[in-house]
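The structure appears below as C-alpha cells.
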Amino acid sequence: MRNGFTGACLLMLAAMLGALAPARAQSFIEGRFDPAIPTLTAVVGHAPGTRITSPDQTYAYLKALAEAAPDRTRLVQYATSWEGRPLYYLVLSAPANIARLEAIRADLATIASGRPGNGTALPVTWLAYSVHGNEISSTDAALMTAYHLLAAQSDERAAKILTNTIVVIDPLQNPDGRARFVNNFLAATGIVPDADRQAAEHDEPWPSGRVNHYMFDLNRDWFTLSQPETRGKVAAIRQWNPVVVVDLHEMGGDETYFFSPAAQPFSPNLTPAQIRAYELIGRYNAAAFDARGEPYFTRETFDLFYPGYGDTWNAHQGAIGSTYEQGSARGLVFARRDGTELTYADGVTNHFIASLATAAAVADNPQRFLSDFAAYRSANAAGAAGRGTYVIDLGKRRWNAERLGRRLAAQGITVLRREGGATVCGKSYPAGYLAVPQAQPAARLVRSLLDRDTPLPPDFLAEQERRRSVDLPHELYDVTAWSVGPMAGVDVSLCNAAAGGEPLAAEAPIAARTSGSGSFAVAVPWTDSGQARLVTLALREGLEGRVTDRAFAAGGRSFPRGTVVFPAGSNGPEKMARLAELAREVGAETVAMESGWVDSGPNLGSERFVRLTLPRVAVAWDEGVSQLSAGSLRYVLEQRIGLPVTPIRTRRLARADLSKYDVLLVPEGNPASVLGEGGARAIRAFVQRGGVLVAVGESLEAFSRGDNPLLAVRREAALGRDPSEADGDKGELAEAVAITSDAEYREAIKDQAALPDTLPGALLNVVNEPDHFLSAGYDDGAVVLATGTQIFTPLDRARGVNVMRFAAARDLIASGYVWDENRRQLAYKPYLMAQQQGRGLVIGFAHDPSTRAYLEGLDLMIANAVLVAPSRVR
Ligand SMILES: [Zn+2]
Numbered sequence: 018m019r020n021g022f023t024g025a026c027l028l029m030l031a032a033m034l035g036a037l038a039p040a041r042a043q044s045f046i047e048g049r050f051d052p053a054i055p056t057l058t059a060v061v062g063h064a065p066g067t068r069i070t071s072p073d074q075t076y077a078y079l080k081a082l083a084e085a086a087p088d089r090t091r092l093v094q095y096a097t098s099w100e101g102r103p104l105y106y107l108v109l110s111a112p113a114n115i116a117r118l119e120a121i122r123a124d125l126a127t128i129a130s131g132r133p134g135n136g137t138a139l140p141v142t143w144l145a146y147s148v149h150g151n152e153i154s155s156t157d158a159a160l161m162t163a164y165h166l167l168a169a170q171s172d173e174r175a176a177k178i179l180t181n182t183i184v185v186i187d188p189l190q191n192p193d194g195r196a197r198f199v200n201n202f203l204a205a206t207g208i209v210p211d212a213d214r215q216a217a218e219h220d221e222p223w224p225s226g227r228v229n230h231y232m233f234d235l236n237r238d239w240f241t242l243s244q245p246e247t248r249g250k251v252a253a254i255r256q257w258n259p260v261v262v263v264d265l266h267e268m269g270g271d272e273t274y275f276f277s278p279a280a281q282p283f284s285p286n287l288t289p290a291q292i293r294a295y296e297l298i299g300r301y302n303a304a305a306f307d308a309r310g311e312p313y314f315t316r317e318t319f320d321l322f323y324p325g326y327g328d329t330w331n332a333h334q335g336a337i338g339s340t341y342e343q344g345s346a347r348g349l350v351f352a353r354r355d356g357t358e359l360t361y362a363d364g365v366t367n368h369f370i371a372s373l374a375t376a377a378a379v380a381d382n383p384q385r386f387l388s389d390f391a392a393y394r395s396a397n398a399a400g401a402a403g404r405g406t407y408v409i410d411l412g413k414r415r416w417n418a419e420r421l422g423r424r425l426a427a428q429g430i431t432v433l434r435r436e437g438g439a440t441v442c443g444k445s446y447p448a449g450y451l452a453v454p455q456a457q458p459a460a461r462l463v464r465s466l467l468d469r470d471t472p473l474p475p476d477f478l479a480e481q482e483r484r485r486s487v488d489l490p491h492e493l494y495d496v497t498a499w500s501v502g503p504m505a506g507v508d509v510s511l512c513n514a515a516a517g518g519e520p521l522a523a524e525a526p527i528a529a530r531t532s533g534s535g536s537f538a539v540a541v542p543w544t545d546s547g548q549a550r551l552v553t554l555a556l557r558e559g560l561e562g563r564v565t566d567r568a569f570a571a572g573g574r575s576f577p578r579g580t581v582v583f584p585a586g587s588n589g590p591e592k593m594a595r596l597a598e599l600a601r602e603v604g605a606e607t608v609a610m611e612s613g614w615v616d617s618g619p620n621l622g623s624e625r626f627v628r629l630t631l632p633r634v635a636v637a638w639d640e641g642v643s644q645l646s647a648g649s650l651r652y653v654l655e656q657r658i659g660l661p662v663t664p665i666r667t668r669r670l671a672r673a674d675l676s677k678y679d680v681l682l683v684p685e686g687n688p689a690s691v692l693g694e695g696g697a698r699a700i701r702a703f704v705q706r707g708g709v710l711v712a713v714g715e716s717l718e719a720f721s722r723g724d725n726p727l728l729a730v731r732r733e734a735a736l737g738r739d740p741s742e743a744d745g746d747k748g749e750l751a752e753a754v755a756i757t758s759d760a761e762y763r764e765a766i767k768d769q770a771a772l773p774d775t776l777p778g779a780l781l782n783v784v785n786e787p788d789h790f791l792s793a794g795y796d797d798g799a800v801v802l803a804t805g806t807q808i809f810t811p812l813d814r815a816r817g818v819n820v821m822r823f824a825a826a827r828d829l830i831a832s833g834y835v836w837d838e839n840r841r842q843l844a845y846k847p848y849l850m851a852q853q854q855g856r857g858l859v860i861g862f863a864h865d866p867s868t869r870a871y872l873e874g875l876d877l878m879i880a881n882a883v884l885v886a887p888s889r890v891r
C-alpha cells in the first residue's frame, strides 16, 4: 500500500517467484508456528496473499484446520447458497472452552434473554468476511486469522484470545459471488498479474461478484431475510449471541483502511455504552496499524444508521457491530492513482491485523464486554426502550402480516399471536392480531423496524441542508426509511398497553383459510402476496381461472376487484382438489361459491371477467440494466409469486424472437445505448403486436423519447430550473449582468439542466386511479419506496392513465426524510403509468417496486402488471 516493501510484500514476491521457500510464508506475523497445523500452501498449493483462494479451496482449508485441531475448533455448516454452495463458520477457542462449549452457549442464551448468567459464559467475537463476493482479500484474511490463532506459538496474544474468548470466523458469507469473481478473474488473467485497473481481470462483467445468485446485496438483507445466506447467518448468530461482530469489506483501490468509530449519522437506537466500546476497539486497531506504519481512517463515509447492514443489525441486538473496509486490489496487484501499487497481500494483511486486534480488544476486556451485553439485554427486557406494544392487524394483507411476524421472530424478537376477534387500546381486530412488546431484549431492533420513523440526528440534518444550499452532495449513505409495517402493506399501531397471545415461531406454517367445497367455483380474493402466489401456482398446473376488474358480492361476502375465480365446471374435480392442496401449501385464502349468482357486481359470465392464462415473461438482462433491479424483480416474481422468468441479454433483444413472450420487463437502468435502434424497434413491434412492456425507473427514459414515444412522459429537471436555458444558442457575446449579492451569484452559476436532488430513499404514499385493473388491491393507496432523481410528468388523458400517483405534498411522506424541493415536486407525479400502443400495453414504474424484495406490499401491483396485464390486453 506504500512505496516501501512490507514483510508481507516480500513474502508474496518470494512466493510468486516460486523459487524461494514458500513454506516460510505461513502467516503475516513472524514467529514460531505449530507444524501440526497445516499451512494454506500445504492444503491448497499457494501461500497466503499470492492467489485469490476460491470457495472450494476455502472449504478444503477450513476442513483441514478443523481436522488438525479438533480440541480447539468446531466447523459448522449454517446455510446453503442458491447455487448449492455450503456456508460454514469455524468456532475457535482453547481446549477447556471447547470442551464446555454447549454450557457456554447456554449461559450466553440466558444472558441474551435478559436474565443473569451463571458465570460460565465467555464473550464471543464474530468475524464475518466477504459478504460482497468481489471484496476478495477478506476471505483469505479469515483463513490466515484462523491459522494464526491455532498455530502461532510465539504470539501470546493469540493464546489469550483463545483462553478468554470464543472467536467465530464466518469466512465466506457470499460463496456464489466469490466463485463468480474468481472464475471471471482467472478467465481474464495472463502470464503476469496486471496492475492496470482497465485490465479485464479488474473489470468484472455483469453481474459482478458483489451480489449473490439473485443479485442481492447481502449487506442490506439482514432484517428482510429474503436470501438463504442471510437466513442461515441470522439463525447462527442468534445461537451464539456475540458481543462483537465485525463485517470485513473492501472499498475502492485508491483508499486505505477504515475501521470504527463509524461516520455520522448513528441510529438513535444505539446506546452510550456501545458508542464507548466502538472507541475502545478503534484504539486497538489504531495501535496495531500504527505499529506497522499503516494508514487508515475512521469516522468518515461508513455510517451506522440503516439497520439492514451486518454492523447495525448486530448493534441493534446489543453487540458492538462494525464495518471494516480495505482498499481493494480487485485482483493481485493494482496501480493506484498516486503512483503506488496495492497488492492482494497488502489487503489480506490489513484485514488479518484488524481481525486479531479486534479479537484482542475483547480478550483483554472479557468482563467488560460480557457485562455491557448483559446490561443491554436486561435493561431492554425491563423496558428501557419502551413499554408499549406494536399491534399488527391480521385483517389487512393477512398473509404478509403473518410473514412479517415470522420474519421478526426469526430475528429473535418475541411476537405474540392472537387468533380471532379482540380489542386492544380501543381498536378492534376482528381477524386477530400479532403483538410485539417493546419491553424485550431485542427492543432496539424492534423499535428500529416497527417505529414509523427513525429520526436522523438534527445536527447531521442541518449540516446536510447547509451542504445542499451550496450545491455540495449530501452525505447520506442509504435509505432513510425502512419501517417494515408500511413496506409489507400491513397495519401496525403502537399501543401503550400490553396485548396477550401465543408466542409465534419463525418456522410456523401460515394456515390456509378456506370455506365450503365450492361446487360451482372457488374464488381467490385479491388481497395479499399469498393470493397472487396461489393464483400463479394454480395457472402453472393448468387450472383455468377468470379475473375481474370489478368488485362483486356473493354468498354474503364481498370480493375486491382483481379477485380470481376458478370454475369447477371447466377445471374438473381433480384440478379443484389440487387447488385446495396448493392453498394449504401457500397458506392462502379461498372462498367456495356454490352458485354463479352474485348479489352485486359482475357475474362470472360477464365480460368484466376475462380468462386468465399463465404469461410467458422475459426480463432484459446484462449490460444496460441494473443487476440489483434485474435480480430483485426476478426474485419477487420467481420466489415469492412463483412465476418463472426468462432472462434475455439486453444486446440480444434487437434480434430476439419476442413472439414467444407475453411480457418484457426492463429493470431499472439505462438500456437505450445497449438496445440500440434495433432493440427499440423490436420492442415497439412486440408491443404493437399485443405484448406488455413493463419498464422500471430511469429505464422509462429509453421509451419516452422522440416524436412518437411508447410512453408519453418526460423526465423533469429540478424545481426552479429551465433546461431550455442550458443549451440555447446565446450568440458570441453574453448579455451584461450585474451581480450584487450571493443569492444572485448562486442563481447565475446554477445548472439549468440539473436533475432534482438525489433522494436517498423514503417511503411515500401513492393514491390510485380506481377504475384501472393495474390498481386492483390498492383501493386504499399504497406505500412505495422512492430513491434517486427521477420525477416524470403525468400522462395526459389522451395518451394513457396515471394508475398510481404520488399523494399531495402534505400527505406525501409515509416515513423517512425528503428534501423539501423533492416533496413539492413529487406531489401528484405518476408512480405507475399505463399507455396503450397498438394491441399492446406499456406500463411504467417510476421507481422499482421490487427493491431488496422488502416491499411485499407492492407484490399485487407487480402481479397486476406481469401476471394479469397480458390477459387484460388480449
Ligand atoms: Zn462491501
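Residue numbers for the sequence shown follow my numbering, beginning at 18 and rising by one.
In this text, a Cβ means the ideal position worked out from N, Cα and C, and glycines have one as well.
Computed from a predicted model, the values in this text were never measured in an experiment.
Judged by DSSP in its simplified three-state form, D410 adopts strand. Scanning its chain for C-beta atoms nearer than 8 Å, with the 5 sequence neighbours on each side dropped, one finds around A734 the residues P740, Q769, A770, A771, L772 and P773, in chain order. In the DSSP secondary-structure assignment, L849 is bridged to M821 and F862.
The set of residues whose C-beta lies within less than 5 Å of a heavy atom of ligand 1 reads, in chain order, H149, E152 and H266. In this structure, DSSP gives T440 an extended state, which the three-state scheme calls strand.
Contact between V453 and L425 holds: CB atoms are separated by about 6 Å, below the 8 Å threshold. Per DSSP, A751 is not a residue of any beta strand (DSSP E), being assigned neither H nor E. One thing to note: S867 has its Cβ within 8 Å of the Cβ of V653.
By the CB criterion at 8 Å, V890 and V709 fall inside the cutoff. Note: A609 is bridge-paired with V539 in the DSSP secondary-structure output. Bounds of the beta strand (DSSP E) holding P584 are V581 to P584. Per DSSP, P383 is one residue of the alpha helix (DSSP H) stretching across P383 to A398. Excluding the 5 residues flanking it on each side, A159 has same chain C-beta neighbours closer than 6 Å at Y146, I186 and P188, in chain order. Inter-segment contact for the region 839-859 and the region 813-831 is present: three or more beta-carbon pairs are separated by less than 8 Å. Contact annotation: L433 and E524 have beta-carbon atoms that are not nearer than 8 Å. The C-beta of S690 has fewer than 16 other C-beta atoms within 10 Å across all chains shown, which makes the residue exposed. I527 and L166 have their alpha carbons spaced roughly 45 Å apart. If you draw a straight line from the Cα of N881 to the Cα of F790, it is about 7 Å long.
Counting along the chain, R557 sits inside the alpha helix (DSSP H) bounded by residues S546 to R557. Here the region 318-326 lies against the region 230-239, with 3 or more beta-carbon pairs under 8 Å apart. Within a 10 Å sphere around the beta-carbon of I178 sit 16 or more other beta-carbons, which makes this residue buried.
The residue from R668, M232, Q215 and I370 with its alpha-carbon nearest to that of R174 is I370. In the same chain as E419, and ignoring 5 residues on each side of it, the C-beta atoms closer than 6 Å to its own belong to I527, in chain order. One alpha carbon belongs to L421, the other to G62, and they sit about 47 Å apart. Using a 10 angstroms sphere on the CB of A374, the tally of other CB atoms reaches 16 or more, which defines it as buried. Separation of the CB atoms of P259 and A336 is rounded to 5 Å, and the pair is thereby assigned contact status at 8 Å.
In the three-state scheme derived from DSSP, where H, G and I count as helix and E and B as strand, W99 is classed as coil. One Cα belongs to V704, the other to P590, and the distance between them is close to 38 Å. R91 has V108 as its beta-bridge partners, per DSSP. As the crow flies, the alpha-carbon of A163 is around 28 Å from that of Q428. When secondary structure is reduced to three states using DSSP, R601 falls in the helix class.
Per DSSP, reduced to three states, the secondary structure at T241 is coil, with no helix or strand assignment. Bridge pairing for G805: L776 [DSSP]. Using a C-beta cut-off of 8 Å, the region 664-675 makes no contact with the region 609-620, since fewer than three inter-stretch Cβ pairs fall below that distance. The beta carbon of P577 sits closer than 8 Å to the beta carbons of P542, W543, T544, A568, A793, G794 and D796 from its chain, once the five residues preceding and following it are set aside; these are given in chain order. Contiguous alpha helix (DSSP H) elements confined to the region 231-280 occur at 245-257, taking only those with 4 or more residues.
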